[in-house]
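Chemist: Have a look at the structure that comes next, please.
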Amino acid sequence: MKTTEKHLHEPLFHITRRTDISAAKAWMIRLLAILAALIVCALVIVTITDYNPLQVYVKMFEGSFSSERKIMMLLQNIAMLLCISLAVTPAFKMRFWNLGAEGQVLVGGLASAACMFYAGDSMPSPLLILVMLVTSILSGVIWGLIPAFFKSFWGTNESLFTLMMNYVAMQLVAFCIMVWVPSGSNVMGIINQNSQSGWLPELFGQKYLINILIVAVLTVVMFVYLKYSKQGYEIAVVGESENTARYVGINVKKVIMRTMVISGGICGLAGFLLVSGTNHTVSKELAGGMGFTAIMVSWLAKFNPLMMVLTSFLIVFLQRGASEIATAFRLNESVSDILTGIIIFFIIGCEFFINYKINKKSKKKEAVA
Amino acid sequence: MAAAAIELKNITKTFGSVVANKNVSLSVYGGEILSLLGENGSGKTTLMNMISGIYYPDEGQIFIGGEEVVIRSPKDAFDYKIGMIHQHFKLIDVFSAAENIVLGLKEKGRYDVKKVTARVAEISEKYGFELDPGKKIYEMSVSEKQTVEIIKVLYRGADILILDEPTAVLTPQETQKLFAILRRMRDDGKAIIIITHKLHEVLSLSDRVAVLRKGEYIGTVNTAETNESELTEMMVGKKISLNITRSEPKDPQDRLEVKDLDCVNREGVKVLDHVSFTARSGEILGIAGIAGSGQRELLEAIAGLQHIENGSLLYHNPKTGSTDELRGKTPLQIRELGVRLSFVPEDRLGMGLVGNMDIVDNMMLRSYRKGKSIFLERKAPKNLADTIIEQLEVVTPSAETPVRKLSGGNVQKVLVGREIAAAPTVLMAAYPVRGLDINSSYAIYNLLNSQKENGVAVIFVGEDLDVLIELCDRIMVIGSGKITGIVEGRNADKSEIGLMMTKTQGGNADENN
Chain A
1 MKTTEKHLHE PLFHITRRTD ISAAKAWMIR LLAILAALIV CALVIVTITD YNPLQVYVKM
61 FEGSFSSERK IMMLLQNIAM LLCISLAVTP AFKMRFWNLG AEGQVLVGGL ASAACMFYAG
121 DSMPSPLLIL VMLVTSILSG VIWGLIPAFF KSFWGTNESL FTLMMNYVAM QLVAFCIMVW
181 VPSGSNVMGI INQNSQSGWL PELFGQKYLI NILIVAVLTV VMFVYLKYSK QGYEIAVVGE
241 SENTARYVGI NVKKVIMRTM VISGGICGLA GFLLVSGTNH TVSKELAGGM GFTAIMVSWL
301 AKFNPLMMVL TSFLIVFLQR GASEIATAFR LNESVSDILT GIIIFFIIGC EFFINYKINK
361 KSKKKEAVA
Chain B
1001 MAAAAIELKN ITKTFGSVVA NKNVSLSVYG GEILSLLGEN GSGKTTLMNM ISGIYYPDEG
1061 QIFIGGEEVV IRSPKDAFDY KIGMIHQHFK LIDVFSAAEN IVLGLKEKGR YDVKKVTARV
1121 AEISEKYGFE LDPGKKIYEM SVSEKQTVEI IKVLYRGADI LILDEPTAVL TPQETQKLFA
1181 ILRRMRDDGK AIIIITHKLH EVLSLSDRVA VLRKGEYIGT VNTAETNESE LTEMMVGKKI
1241 SLNITRSEPK DPQDRLEVKD LDCVNREGVK VLDHVSFTAR SGEILGIAGI AGSGQRELLE
1301 AIAGLQHIEN GSLLYHNPKT GSTDELRGKT PLQIRELGVR LSFVPEDRLG MGLVGNMDIV
1361 DNMMLRSYRK GKSIFLERKA PKNLADTIIE QLEVVTPSAE TPVRKLSGGN VQKVLVGREI
1421 AAAPTVLMAA YPVRGLDINS SYAIYNLLNS QKENGVAVIF VGEDLDVLIE LCDRIMVIGS
1481 GKITGIVEGR NADKSEIGLM MTKTQGGNAD ENN
């Protein structure tokens, strides 16, 4: 009697943590997740529009690969997202939740724009670019260092602090534009349109190639820094256990501040690249939410800079594809947002199945019952 | 005589292969205070957790008012009017006292502040508590928080109260106040069980004393008919021979001199009080004491991890012959002085090692700074990892396995191995055999012994008195942050040490009873 009762209450499945999973199996799960996401997207497309989902997917692909210009745009977008992801990664590895990349990029970009605006005529372009580079990185460093300093000495919450610094940066940009644009339109036009002073030059006739190359080098440097340098090791120890770090004599305050200098500095560099190499202007939307998307890129790649090339490609590809189908099929922009949302939901959701195993009620037990 | 308020019969509880309680039987009557006495790990808290529904006994019966009951959850316990006040308070900081008191109660209607406040005031009046029901927990002192916990169980109508080491966090004055309240509750007919280590409190407060030792029930005595030394002997038992080898110290020299050390914890309570001793080379100095008497703070203070209020730490360098002051130095500065201090902390995976890193990367923790290069050098740590795995017989798939995947004994071998590999002159080990099986324990004893024979000053914090007596050359006893005595290991008496462990000076504010 008692045993059957027990079986009645036994749940249909129970969840256990996986201790080990082979890389191949993990990628299988991810691939299946993307497939499942595409199927769900197809259903959504068929329900709300009358288009053939396959046709839609082809368009999506074309959004990134149909012309050389589009490929370059894709690479440029990947490079910028990757650059910001590289910036937040050391901080995240240290368990310092830097949610302020958006603001750090913004102040970096603002510094570049300010240099272009005020010194565009008084310096030769190469010198100007150098000055812009340095001031941008410095601005990013300051924006990153302030929350790190308060965290180190007074234990303030870095997530809130960095998040709020974003709004300060945005208002700062709005203020500067108001001062620089006398017409009151609050939109900054292209700076130095004629002289192109402070613009990163084209390389082999390609506009964004310098951006892409700089980020490619940075990716490798960051990979080596985190994995093979002493400082990278310290970041990992502080992230895993502050107690252990103190015990072996690591100066935790110093590591936190030093790492945020790096994190903020790379964000500042991203701001410089966006202003000098891509947009040649500044606005509140300069980072365009990449400061937050970068967090996802970094996490999905498990803080491995080389893997982040893949994850940032995936995200950018989806975003570009989504906006392509929106224009091609004259769909509302929200439709493409829905599709992107579905795909990202599946990609993140599948991490659950990589970390946990679902055990179904075994047949054997049922037979006994 | 009426039926006992609560009676336990032959309760047994095991965790894996560890027997926490074995055939324990005891009873408490209404209108009585029973002290539950025992060393660390004797199973007191496990036993009480079974009464309060947190654990479920493997075997045995529980009777309440003469009737057999099944207590499966804390809610069941409340239904039987059992209330437990845990050592670590379970309160919500941002809530007020009144909100915490009614939390989880399924009373009909809305939360009525006035009604709750009136009930709390009534309870406070009856037993003599002082509490402002509107005060938030985070604004409260430790003693006030405890008051909230006690009122919380009384509010639920508890007739059987269990207090787990209630005086550990209180000042003597607060303790006296608490005891007055407990006596009033006893006179009101409540059955009270109090877990404690402090003998003088047992003697001044309780009516009867029940003693546990290593999970076994030793006996119950009437407080009026007993004394400190009888209780100590019941608690620590007769000496058991373990056959741990011990060599004679060779040419012992003063290595580390601790003078009048004072430390204060974050709450402002003194955790080390004028601690003075000398650790000598070629000798194992044991530290005995009830858990939380200041052992951790002492070792961390020496290692440069704890702020020192007063006193000094003098290191006599055998190489240069100079004497250095270690106080106020960071662990790194201590190392730069040429002090080879190794430390096996109590919290192995939270402090000594990084669980998610592999054995090789854990080997580097101490040595990664070596060399001018900005890059890590993994060859030497890899060799060290292989050596330790081979010599200490660490069971692991490879040197690249994260240490959290190893068993407790193997984790400890990795940690001790690394600390010994640094060729220390002082080696501190806190509870190095806790949770280890017999073979691993003996492996660790042998390692400590061979270090001693190499002329290292070994400081060993242990909890098993039999081990301390057989392994150590001298045993220092610490009680409430004070050194209560230092005895020779070779002719140490177990109950004498036990008595020193439970003795606290200055805490005897309750003697008038």
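Just so you know, the protein sequences line up as chains A and B, in that order.
With my numbering as the guide, the letters of the first sequence map in order to residues 1 to 369.
With my numbering as the guide, the letters of the second sequence map in order to residues 1001 to 1513.
Glycine included, every Cβ here is placed at the ideal spot set by N, Cα and C.
1) Straight-line CA distance for A:Asn98 to A:Phe92?
2) To the nearest angstrom, how far is it from the Cα of B:Gly1154 to the Cα of B:Leu1091?
3) Does any residue of chain B have a CB that is nearer than 9 Å to the CB of A:Lys230?
4) Can you list, in chain order, the residues of its chain whose CB lies under 8 Å from that of B:Val1236, leaving out five sequence neighbours each side?
5) B:Pro1331 CB to nearest chain A CB: under 9 Å?
6) Taking C-beta pairs closer than 7 Å, name the residues in chain B that A:Arg246 reaches, listed in chain order.
7) For the putative contact between B:Ala1003 and B:Gly1060, defined by C-beta atoms under 8 Å, what is the C-beta separation to the nearest angstrom?
8) Below 9 Å between beta carbons: does that hold for B:Val1458 and B:Ala1279?
9) Consult DSSP for A:Met123 and reduce its assignment to one of helix, strand or coil.
10) How should B:Gln1087 be labelled, buried or exposed, when 16 other C-beta atoms within 10 angstroms of its C-beta is the threshold for buried?
11) Starting from B:His1200 and walking both ways along the beta strand (DSSP E), at which residues does that stretch end?
12) Hey, quick one: how far does the alpha helix (DSSP H) through A:Met165 stretch, first residue to last?
13) Just checking, does the region 133-148 of chain A make contact with the region 269-279 of chain A on the three C-beta pairs under 8 Å criterion?
14) Buried or exposed: A:Ile190, going by 16 or more other Cβ atoms within 10 Å of its Cβ?
15) Within 10 angstroms of its Cβ, does B:Val1018 collect 16 or more other Cβ (buried), or is it exposed?
16) Examine chain A for any beta-carbon lying closer than 9 Å to the beta-carbon of B:Asn1508, and answer yes or no.
17) What is the rounded straight-line gap between the Cα of B:Thr1425 and the Cα of A:Gln171?
18) If B:Gly1289 sits next to B:Ile1475, beta carbons under 8 Å apart, how far is it from one beta carbon to the other, in whole angstroms?
19) Please confirm whether B:Tyr1368 has its beta-carbon closer than 9 Å to some beta-carbon of chain A.
20) If A:Trp199 sits next to A:His280, beta carbons under 8 Å apart, how far is it from one beta carbon to the other, in whole angstroms?
21) With DSSP collapsed to three states, give me the class of B:Pro1074.
22) Can you check whether the CB of B:Asn1010 is closer than 9 Å to the CB of B:Ser1025?
23) Can you pull the chain A neighbours of B:Asn1265, defined as C-beta to C-beta under 9 Å?
24) Helix or strand or just coil, what does DSSP make of B:Asn1508?
25) Strictly under 9 Å for the Cβ-Cβ distance: is B:Ile1302 near chain A by that measure?
26) Run the CB neighbour count on A:Phe346, radius 10 Å, all protein chains shown included, and call it buried at 16 or more, exposed below.
27) Taking 9 Å as the cut-off, decide whether the C-beta atoms of B:Val1169 and B:Lys1482 are in contact.
28) Measuring straight from C-alpha to C-alpha, what distance separates B:Leu1261 and B:Lys1270?
29) Nearest-angstrom Cα distance between B:Pro1252 and B:Gly1489?
30) At which residues does the alpha helix (DSSP H) containing A:Phe65 begin and terminate?
31) My understanding is that B:Ser1052 touches B:Ala1077, with C-beta atoms under 8 Å, so please give their C-beta distance in whole angstroms.
32) Look at A:Met296 and A:Thr311 and say whether their C-beta atoms are less than 9 Å apart.
33) Identify whether A:Phe313 lies in helix, strand or coil by the three-state DSSP scheme.
34) Quick check on the burial criterion: 16 or more other C-beta atoms within 10 angstroms. Buried or exposed for B:Ile1359?
35) CA-CA distance, A:Arg30 and A:Gln319?
36) May I ask you to list, following chain order, the residues of the region 1371-1404 of chain B that have a beta carbon less than 7 Å from some beta carbon of chain A?
Modeler: Inspection of the coordinates gives the following:
1) The residue you call residue 98 of chain A lines up with position 98 of the first sequence. The residue you call residue 92 of chain A lines up with position 92 of the first sequence. Annotation: A:Asn98 to A:Phe92 spans about 7 Å, alpha carbon to alpha carbon.
2) In the second sequence, the residue the question calls residue 1154 of chain B occupies position 154. In the second sequence, the residue the question calls residue 1091 of chain B occupies position 91. A small fix is needed here, since residue 1154 of chain B is Leu in this sequence, not Gly. When only Cα atoms are considered, B:Leu1154 and B:Leu1091 end up about 15 Å apart.
3) Walking along the first sequence from the start, residue 230 of chain A turns up at place 230. A:Lys230 counts as touching chain B.
4) Taking the first residue of the second sequence as position 1, residue 1236 of chain B is located at position 236. Only Glu1039, Arg1213, Leu1465, Lys1494, Ser1495, Ile1497 and Gly1498 meet the Cβ criterion.
5) For the purposes of this step, residue 1331 of chain B is taken as the residue at position 331 of the second sequence. For B:Pro1331, the answer is yes, since a Cβ of chain A falls inside 9 Å of its Cβ.
6) On the first sequence, residue 246 of chain A is found 246 positions in, with the first residue counted as 1. The contacting residues are Leu1305.
7) If you number the second sequence from 1, residue 1003 of chain B lands on position 3. If you number the second sequence from 1, residue 1060 of chain B lands on position 60. Between B:Gly1060 and B:Ala1003 the Cβ distance is about 18 Å, and since that is not below 8 Å, they are no contact.
8) Working through the second sequence from its first residue, we reach residue 1458 of chain B at position 458. Working through the second sequence from its first residue, we reach residue 1279 of chain B at position 279. Taking 9 Å as the Cβ cut-off, B:Val1458 and B:Ala1279 qualify as a contacting pair.
9) In the first sequence, residue 123 of chain A corresponds to position 123, counting from 1. Judged by DSSP in its simplified three-state form, A:Met123 adopts coil rather than helix or strand.
10) Reading the second sequence from its first residue, position 87 is the one you call residue 1087 of chain B. It is exposed - the Cβ of B:Gln1087 has fewer than 16 other Cβ atoms within 10 Å.
11) Here residue 1200 of chain B corresponds to residue number 200 of the second sequence, with the count starting at 1. Element bounds for B:His1200: not the beta strand (DSSP E) but the alpha helix (DSSP H), Leu1199 to Leu1205.
12) Your numbering for residue 165 of chain A matches position 165 in the first sequence. Residue range Glu158 to Trp180 is occupied by the alpha helix (DSSP H) that includes A:Met165.
13) They touch, by the three-pair rule.
14) As a working note, residue 190 of chain A is residue 190 in the first sequence. It counts as exposed.
15) On the second sequence, position 18 is the one that residue 1018 of chain B refers to. By the 10 Å Cβ count, B:Val1018 comes out exposed.
16) For the purposes of this step, residue 1508 of chain B is taken as the residue at position 508 of the second sequence. Only weak support is given to the placement of B:Asn1508: the predicted model assigns it a pLDDT of 39, under 50, and the question is left unresolved by the model.
17) If you number the second sequence from 1, residue 1425 of chain B lands on position 425. If you number the first sequence from 1, residue 171 of chain A lands on position 171. Spanning the two alpha carbons is a distance of roughly 59 Å.
18) Against the second sequence, residue 1289 of chain B aligns to sequence position 289. Against the second sequence, residue 1475 of chain B aligns to sequence position 475. Their Cβ separation, rounded to whole angstroms, is 10 Å, which puts B:Gly1289 and B:Ile1475 out of contact at 8 Å.
19) Walking along the second sequence from the start, residue 1368 of chain B turns up at place 368. It does; some Cβ of chain A falls within 9 Å.
20) In the first sequence, the residue the question calls residue 199 of chain A occupies position 199. In the first sequence, the residue the question calls residue 280 of chain A occupies position 280. Between A:Trp199 and A:His280 a beta carbon distance of about 6 Å is seen, short of the 8 Å cut, so the two are scored as contacting.
21) Reading the second sequence from its first residue, position 74 is the one you call residue 1074 of chain B. Helix at B:Pro1074.
22) Counting from one through the second sequence, the residue named residue 1025 of chain B turns up at place 25. Counting from one through the second sequence, the residue named residue 1010 of chain B turns up at place 10. Between B:Ser1025 and B:Asn1010, the C-beta gap is smaller than 9 Å, which places the two residues in contact.
23) The sequence position of residue 1265 of chain B within the second sequence is 265, counting from 1. By Cβ distance, chain A contributes nothing, its closest Cβ being about 16 Å from B:Asn1265, past 9 Å.
24) Working through the second sequence from its first residue, we reach residue 1508 of chain B at position 508. Below a pLDDT of 50, predicted positions are generally treated as unreliable, and B:Asn1508, at 39, falls in that range; the measurement from the model is reported next regardless. Taken through DSSP and simplified to helix, strand or coil, B:Asn1508 comes out as coil.
25) Mapped onto the second sequence, residue 1302 of chain B falls at position 302. Not closer than 9 Å to any Cβ of chain A, the Cβ of B:Ile1302 fails to qualify, so no.
26) Position 346 of the first sequence, counting from 1, holds the residue named residue 346 of chain A. Per the 10 Å Cβ criterion, buried.
27) In the second sequence, the residue the question calls residue 1169 of chain B occupies position 169. In the second sequence, the residue the question calls residue 1482 of chain B occupies position 482. Going by C-beta atoms, B:Val1169 is not nearer than 9 Å to B:Lys1482.
28) Reading the second sequence from its first residue, position 261 is the one you call residue 1261 of chain B. Reading the second sequence from its first residue, position 270 is the one you call residue 1270 of chain B. Each residue's alpha carbon lies about 11 Å from the other.
29) The count along the second sequence starts at 1 and reaches residue 1252 of chain B at position 252. The count along the second sequence starts at 1 and reaches residue 1489 of chain B at position 489. Cα to Cα, the separation comes out at about 15 Å.
30) To locate residue 65 of chain A, count along the first sequence from 1; it is residue 65. Pro53 to Phe65 is the span of the alpha helix (DSSP H), which, as asked, contains A:Phe65.
31) Mapped onto the second sequence, residue 1052 of chain B falls at position 52. Mapped onto the second sequence, residue 1077 of chain B falls at position 77. Contact flag correct, Cβ pair sits at about 5 Å.
32) Position 296 of the first sequence, counting from 1, holds the residue named residue 296 of chain A. Position 311 of the first sequence, counting from 1, holds the residue named residue 311 of chain A. Yes; because the gap between Cβ atoms is below 9 Å, this pair is in contact.
33) Translated into positions along the first sequence, residue 313 of chain A becomes position 313. Of the three classes helix, strand and coil, the one that applies to A:Phe313 here is helix, per DSSP.
34) Residue 1359 of chain B sits at position 359 when you count from the first residue of the second sequence. Taking every protein chain shown into account, the CB of B:Ile1359 has 16 or more other CB atoms within 10 angstroms, so this residue is buried.
35) Translated into the one-based positions of the first sequence, residue 30 of chain A becomes position 30. Translated into the one-based positions of the first sequence, residue 319 of chain A becomes position 319. Cα-Cα distance, rounded: 19 Å.
36) Correct list: Ile1374, Phe1375 and Leu1376.
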